[in-house]
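Student: I have a structure here, written as structure tokens, and I will follow up with some questions on it.
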Amino acid sequence: METEPLTITDSLVIDGVQLNSRLIMGTGGAPSLEGLGAALHASGTELTTVAMRRHSVTTAGSLFDLLVDRSIRVLPNTAGCFTAREAVLTAQLAREALETDWIKLEVIADEHTLLPDAVELLDATEQLVARGFKVFAYTNDDPVLALRLEHLGAVAVMPLGAPIGTGLGILNPHNIELIVSRAGVPVVLDAGIGTASDAALAMELGCDAVLLATAVTRAQNPALMGEAFKHAVIAGRLASQAGRIPKRELALASSTMNGRPDL
Amino acid sequence: MNERVVNRTVDVAVIGGGIIGLGIAWAVAHSGRTVVVIDPDPAGGATYAAAGMLAAVSELHYQEEVLLELMLASSALYPAFIESLGPEHHLTGYQRTHTMTVGADSADRQALADLRGVQLANGLAVDPLTIRAARVLEPLLSPHVSGAFMVEQDHQVDPRRLAERIQLALATLAKSRRWGHDALIRVNAMGLLHDDSADASSRVTGVALADGGTVSAAEVVVANGLAAAMLNGLPERLTMPLRPVYGDILRLRVPAHLRPLLTCTLRGLVHGVPVYLVPRSDGTVVIGATQREDGSTAVSAGGVYQLLRDAQVLLPAVRELELIEVTARARPGTPDNAPLLGRVSRTGRETPGSDIPGLIIATGFFRHGVLLTPVAAHYCLQLIEGSADQRWERFRPHRFSATRPSASVSLQGVVSS
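Protein chains in written order, with the working numbering: chain A, -8 to 254; chain B, 56 to 472.
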């Protein structure tokens, strides 16, 4: 029986926007603009997040021009903000400069862990939703907090696998699964990804997408790693839809002895 | 017409008096030609900020081996370039001191060790040191660093003093050879003059100045960094994708009781963030540098904080220094981090003999302007003399101008090889 390949019909929809790739890329840490362009292309991403505090929208030949040239949608983010106030101001700057209501909300507690500050994050989400923003909330892998963010009006929740830039992978898969199982909005695994198998695991756990930057931009060959992640995300998504077998203690022959001639 | 307007004629006009423009002008003048440098504020841009590390080896980045070849060639040309400046060349601050690279934590050490693999594969010498050995060489180094390497090939120069020596040498030459004009015109260049003023792809014959004057020249070198793309009369098919990459950099004085703070340049990775300390013979030290694309020309408080925070992780005595200067300048960045260097094709395509006569571009040197000055100067002189090193054709300035090719890398080749 022939069926359509799943990937063609299985696009992700966030706030009415259809994304055919479930890999969202960050841009920080790239050694050159050309190298970043090649990596984004190889990754197949259609949505890329940019730190508004680190990149000038008006500079010609900048990162933004590269994204426009490649028809990659921009998800501005509030990286580098430590208070709800800074995050709201940065989001407003992004909305004026880029004419988008989308904002990836990062409110960081301290520069050593770069972990989200849950209290400021909730405050900022509330304020931004009230101002009409579509909030993609970068959060701890806390199932309670993730649900609170959704209830406050976030259009997507983005739990971390591990702290930003660590490459430690998904440290608490159980929590990620729990977040997914209760979420009514897309769940994007964000931060901590080290290599392709981490992204595949995120998708197998039921995440709707994966967001990563460092794992690609600081790889020795970013374009090759971007391509690896493209395949990993597709593979993980397909596996999550295919219905995996239960884990067993003892072996089970893939072909049983029933019906074989007894010679 | 303004009575002060002057029209001059020279062999070579160089637009831009940063270290690259000055270096090219000096090589041209040294070869017996007459030259003027056009710049309202020579050596006031990135040259003013630059630390002057001549670090071909420790500046190597993954997938930038092409640039490495240019950097190594320039490094090799440095001693002769410096000596050509005459008996007082030592005043340039050129020192053949070494560079030590250190990692603050074990991931930083691993990152440096991984990079060393590529450095060794390229035939470069990077020697691992024990922390104890590193601290014998540099006793003020923090005992808590996790790894150290020695790069004997990476030296330093003082870019401000080098630019000053070149300007003096040019002025001396202009006088002794009776050029009848100064080597420097302190005014903005407005654009290129052409043989056929209606055709920006015709022979370039000189430079129009902001004061209404002109310079007629057999060759014009465009070396004014980020402003290059704003000149009038550039060939239509030439797009130069230059963008400002700002950097914050600090200068500090070492109190007498702590001297010498360092005897070699110290470069480190501190929790993934690079920082360097360059000790000068005058008892100051340069700490740099951030990389910002936020469009802000001002010094960033966060940038200064980051540099001091990371520098004192490697060298705790940084806390005892006197902070005497904070500076921010823009580096002219290109998409592939390599310069736009060479002649320009009239057609936008690589057709032999199609270059626009009289025009040479030398900009986009990004982080490497000071290091690449001798090779840029040497190569531009070769282009003028008509016998250029073909290895550097890969840096031709119109490589980003043609209809944009698909940027896909040939991954299949990479995977199967």
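By construction, the Cβ of each residue, glycine as well, lies at the ideal position given by its N, Cα and C atoms.
(1) Under 7 Å between C-beta atoms, does D349 (chain B) make it to chain A?
(2) In this structure, does DSSP put M205 (chain B) in helix, strand or coil?
(3) Listed from N- to C-terminal order along the chain, which residues in the stretch 118 to 131 of chain B have their beta-carbon within a distance smaller than 9 Å of any beta-carbon of chain A?
(4) Could you check whether the Cβ of S83 (chain A) sits closer than 7 Å to any Cβ belonging to chain B?
(5) Which same chain residues end up closer than 6 Å to L243 (chain A) when comparing Cβ atoms and leaving out the 5 residues on each side of it in sequence?
(6) Can you name the start and end residues of the alpha helix (DSSP H) that D181 (chain A) belongs to?
(7) Pair every Cβ in the stretch 349 to 367 of chain B with every Cβ in the stretch 38 to 50 of chain A, then say whether three or more of these pairs are closer than 8 Å.
(8) How many Å lie between E37 (chain A) and I225 (chain A) at the Cα?
(9) Going by DSSP, what residues sit across from F421 (chain B) in a beta bridge?
(10) In whole angstroms, what separates the C-alpha of T64 (chain B) from that of L27 (chain A)?
(11) According to the Cβ coordinates, are A30 (chain A) and A214 (chain A) closer than 7 Å?
(12) Does DSSP put G246 (chain B) in a helix, in a strand, or in coil?
(13) With respect to the beta strand (DSSP E) encompassing Y331 (chain B), which residues constitute its N-terminal and C-terminal limits?
(14) Is it true that the stretch 327 to 339 of chain B meets the stretch 365 to 385 of chain B, where meeting means three or more beta-carbon pairs spaced less than 8 Å apart?
(15) Tell me which same chain residues have a C-beta within less than 6 Å of the C-beta of F421 (chain B), skipping the five on either side of it?
(16) Hey, how far is the Cα of K125 (chain A) from the Cα of G288 (chain B)?
(17) In chain A, which residues lie less than 7 Å from L297 (chain B) when you measure between Cβ atoms?
(18) Identify which residue in A:D181, A:A33, A:R239, A:D1 has its Cα closest to the Cα of A153 (chain A).
(19) Could you tell me which of B:S409, B:A383, B:V354 sits nearest to R292 (chain B), measuring between CA atoms?
(20) Along chain B, which residues have their Cβ under 9 Å away from the Cβ of L24 (chain A)?
(21) Is L239 (chain B) helix, strand or coil when you go by DSSP?
(22) Would you list, in chain order, the members of the stretch 311 to 340 of chain B that have their beta-carbon closer than 9 Å to a beta-carbon of chain A?
(23) Which runs of the alpha helix (DSSP H) spanning at least 4 residues fall entirely within the stretch 352 to 390 of chain B, listed in chain order?
(24) Does the separation of the CB atoms of V67 (chain B) and E274 (chain B) fall below 7 Å?
(25) Determine the closest residue to T318 (chain B) out of B:M205, B:V262, B:G343, with distance taken between C-alpha atoms.
(26) Are there 16 or more other CB atoms within 10 angstroms of the CB of E380 (chain B), so buried, or fewer, so exposed?
(27) Below 8 Å between beta carbons is the criterion; list the residues of the stretch 82 to 102 of chain A that meet it against any residue of chain B, in chain order.
(28) Taking the beta strand (DSSP E) that S245 (chain A) belongs to, which residues open and close that run?
(29) Would you say S12 (chain A) faces chain B, with C-beta separation under 7 Å as the test?
(30) Report the three-state DSSP secondary structure of D19 (chain B) (helix, strand or coil).
(31) Could you check whether the Cβ of H46 (chain A) sits closer than 7 Å to any Cβ belonging to chain B?
(32) For S271 (chain B), which of helix, strand or coil comes out of DSSP?
(33) What does T49 (chain A) reach in chain B if we use C-beta pairs closer than 7 Å?
(34) Looking at C-beta atoms only, is the number of pairs between the stretch 205 to 213 of chain A and the stretch 167 to 175 of chain A that lie closer than 8 Å three or more?
(35) Rounded to whole angstroms, how far is the Cβ of V300 (chain B) from the Cβ of I74 (chain B), which I believe are closer than 8 Å?
(36) Note down, in chain order, every chain B residue with its Cβ under 9 Å from the Cβ of N68 (chain A).
Tutor: Considering the structure as presented:
(1) The residue you call residue 349 (chain B) lines up with position 294 of the second sequence. Yes, because at least one Cβ of chain A sits closer than 7 Å to the Cβ of D349 (chain B).
(2) The residue you call residue 205 (chain B) lines up with position 150 of the second sequence. Note: M205 (chain B) maps to strand in three-state DSSP.
(3) Q118, E119
(4) Taking the first residue of the first sequence as position 1, residue 83 (chain A) is located at position 92. A small fix is needed here, since residue 83 (chain A) is Gln in this sequence, not Ser. No, its Cβ sits nowhere closer than 7 Å to a Cβ of chain B.
(5) Walking along the first sequence from the start, residue 243 (chain A) turns up at place 252. Cβ neighbours of L243 (chain A) beyond the five flanking positions: none.
(6) Locating residue 181 (chain A) in the first sequence gives position 190, counting from the first residue. No alpha helix (DSSP H) contains D181 (chain A), which is instead part of the beta strand (DSSP E) from 179 to 181.
(7) yes
(8) The residue given as residue 37 (chain A) occupies position 46 in the first sequence. The residue given as residue 225 (chain A) occupies position 234 in the first sequence. One alpha carbon belongs to E37 (chain A), the other to I225 (chain A), and they sit about 14 Å apart.
(9) For the purposes of this step, residue 421 (chain B) is taken as residue 366 along the second sequence, with counting starting at 1. None; F421 (chain B) has no bridge partner.
(10) Within the second sequence, numbered from 1, the residue matching residue 64 (chain B) stands at position 9. Within the first sequence, numbered from 1, the residue matching residue 27 (chain A) stands at position 36. Whole-angstrom Cα-Cα distance: 45 Å.
(11) Here the question's residue 30 (chain A) lines up with position 39 in the first sequence. Here the question's residue 214 (chain A) lines up with position 223 in the first sequence. Result yes, Cβ atoms of A30 (chain A) and A214 (chain A) sit closer than 7 Å.
(12) Start at 1 with the first residue of the second sequence, and residue 246 (chain B) comes out as number 191. Strand.
(13) Indexing the second sequence from 1 puts residue 331 (chain B) at position 276. Residues 328 to 334.
(14) yes
(15) Sequence index remark: in the second sequence, residue 421 (chain B) carries index 366 (1-based). Closer than 6 Å at the Cβ level, and outside the excluded window around F421 (chain B), lie R386, G388, N392.
(16) Within the first sequence, the letter at position 134 stands for residue 125 (chain A). Within the second sequence, the letter at position 233 stands for residue 288 (chain B). If I take the Cα positions, the gap works out to 46 Å.
(17) For this step, residue 297 (chain B) is matched to residue 242 along the second sequence. Going along chain A in sequence order, the residues near L297 (chain B) (Cβ under 7 Å) are G52.
(18) If you number the first sequence from 1, residue 153 (chain A) lands on position 162. Checked all of A:D181, A:A33, A:R239, A:D1; the closest Cα to A153 (chain A) is A:D181.
(19) Within the second sequence, the letter at position 237 stands for residue 292 (chain B). The option with the nearest alpha carbon to R292 (chain B) is B:S409.
(20) Here residue 24 (chain A) refers to the residue found at position 33 when the first sequence is read from its first residue. Within chain B, the residues near L24 (chain A) are P296, R298, G388, T389, P390, D391, N392.
(21) Residue mapping note: residue 239 (chain B) aligns to position 184 of the second sequence, counting from 1. Taken through DSSP and simplified to helix, strand or coil, L239 (chain B) comes out as strand.
(22) H326, G327
(23) 356 to 369
(24) For this step, residue 67 (chain B) is matched to residue 12 along the second sequence. For this step, residue 274 (chain B) is matched to residue 219 along the second sequence. One thing to note: V67 (chain B) has its Cβ within 7 Å of the Cβ of E274 (chain B).
(25) As a working mapping, residue 318 (chain B) is identified with position 263 in the second sequence. With distances taken between Cα atoms, T318 (chain B) lies closest to B:M205.
(26) As a working mapping, residue 380 (chain B) is identified with position 325 in the second sequence. Around the beta carbon of E380 (chain B), a 10 Å sphere encloses fewer than 16 other beta carbons of the protein chains shown; the residue is thus reported as exposed.
(27) Result list empty, no residue passes.
(28) Position 254 of the first sequence, counted from the start, is the residue given in the question as residue 245 (chain A). Segment: none, S245 (chain A) is in no beta strand (DSSP E) and carries neither H nor E.
(29) On the first sequence, position 21 is the one that residue 12 (chain A) refers to. No, no contact with chain B.
(30) Nothing about residue 19 (chain B) can be read from this structure; chain B reaches only from 56 to 472.
(31) The residue you call residue 46 (chain A) lines up with position 55 of the first sequence. Yes - at least one Cβ of chain B is within 7 Å of the one on H46 (chain A).
(32) Translated into positions along the second sequence, residue 271 (chain B) becomes position 216. Under the three-state reduction of DSSP, S271 (chain B) is assigned to strand.
(33) Residue mapping note: residue 49 (chain A) aligns to position 58 of the first sequence, counting from 1. Simply G350.
(34) no
(35) Within the second sequence, the letter at position 245 stands for residue 300 (chain B). Within the second sequence, the letter at position 19 stands for residue 74 (chain B). At roughly 17 Å, the Cβ-Cβ gap does not stay under 8 Å, so V300 (chain B) and I74 (chain B) are not in contact.
(36) Within the first sequence, numbered from 1, the residue matching residue 68 (chain A) stands at position 77. Neighbours of N68 (chain A) in chain B, taken as residues at a C-beta separation under 9 Å, are lacking, since the least C-beta distance is about 14 Å.
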